[in-house]
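Working notes for the structure below.
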């Protein structure tokens, strides 16, 4: 079974700072997902990656398949970015759903 | 329609009650999932349906009973729950269980068992 590790577990930053959240996994995957969850809320899918880099607004996600590592970057962070960011992977078959990391609790202070 | 809709949003039930959670999607997705999430923990997979057939049951107690009446609808029937079953129950869908598709999550049902 895949092991998914995220760092840091908690991150507090000032508005405008550049944020990086890291994710590593132990065995090969078919895709890696970055998810966002606000307190008490449902989960929003931000990115699905199988290679390279994707950008959406101020969010950038990268993956290095050889190193089994992905990063999520937030540029010009804003208090509304405060949330839990979760890295999750789907294996080759995919039939067992997603394997989740423990999440990174991000707080952006004004 | 690009959403997964879960109802109810909140549910309080006694240990002897029977209730059901509902999940609906109209995106044509053929894989649907139930996850359980305790506070400050990642979601845990409970059930996977692929083309309306149960393909994964992650050793979930029988007091949780899933049902997939058609390709758009997924239910979770609850009976004789315990207080430790209180959690956020999330439904998700994907085009198929093959791992190359994105997931769409519902906003969850916050369940409290008293």
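Protein chains in written order, with this note's numbering: chain A, 1227 to 1336; chain B, 40 to 153. Virtual Cβ for every residue (Gly too), placed ideally from N, Cα, C. If you're wondering where the values come from, they're calculated on a predicted model, not measured in any experiment.
Assigned exposure category for residue i - 16 Cβ within 10 Å defines buried
i                       : result
residue 1259 of chain A : buried
residue 75 of chain B   : buried
residue 136 of chain B  : buried
residue 1287 of chain A : buried
residue 1266 of chain A : exposed
residue 34 of chain B   : For residue 34 of chain B there is no data in the structure shown, the boundaries of chain B being 40 and 153.
residue 54 of chain B   : exposed
residue 1289 of chain A : buried
For residue j and residue i, believed in contact at Cβ under 8 Å, the rounded distance
i                       : j                       : result
residue 1256 of chain A : residue 1276 of chain A : 7 Å
residue 125 of chain B  : residue 151 of chain B  : 5 Å
residue 62 of chain B   : residue 88 of chain B   : Not a contact, Cβ separation roughly 10 Å.
residue 1294 of chain A : residue 1252 of chain A : 7 Å
residue 84 of chain B   : residue 1323 of chain A : 4 Å
residue 1300 of chain A : residue 1284 of chain A : 6 Å
Residue interval of the beta strand (DSSP E) (run including residue i)
i                      : result
residue 118 of chain B : 112-118
residue 61 of chain B  : 57-64
residue 149 of chain B : 148-152
residue 47 of chain B  : It is not in any beta strand (DSSP E) - residue 47 of chain B carries neither H nor E in the DSSP assignment.
Proximity test, Cβ basis, 8 Å: residue i and chain B
i                       : result
residue 1257 of chain A : yes
residue 1328 of chain A : yes
residue 1298 of chain A : no
residue 1283 of chain A : no
residue 1312 of chain A : yes
residue 1237 of chain A : no
Contact with chain A by residue i, beta-carbon distance below 8 Å
i                      : result
residue 146 of chain B : yes
residue 151 of chain B : no
residue 143 of chain B : yes
residue 99 of chain B  : no
residue 87 of chain B  : yes
residue 113 of chain B : no
residue 60 of chain B  : no
residue 84 of chain B  : yes
Amino acids of chain D, ordered along the chain, whose beta-carbon sits closer than 9 Å to that of residue i
i                      : result
residue 139 of chain B : The structure shown contains no chain D; its protein chains are A and B.
Residue ranges of each beta strand (DSSP E) within the segment 1232-1320 of chain A, 3 or longer
1236-1240, 1245-1251, 1257-1263, 1269-1275, 1278-1282, 1285-1290, 1295-1300 and 1309-1316
Fully enclosed by the segment 71-97 of chain B, which beta strand (DSSP E) runs are 3 residues long or longer?
83-89 and 92-96
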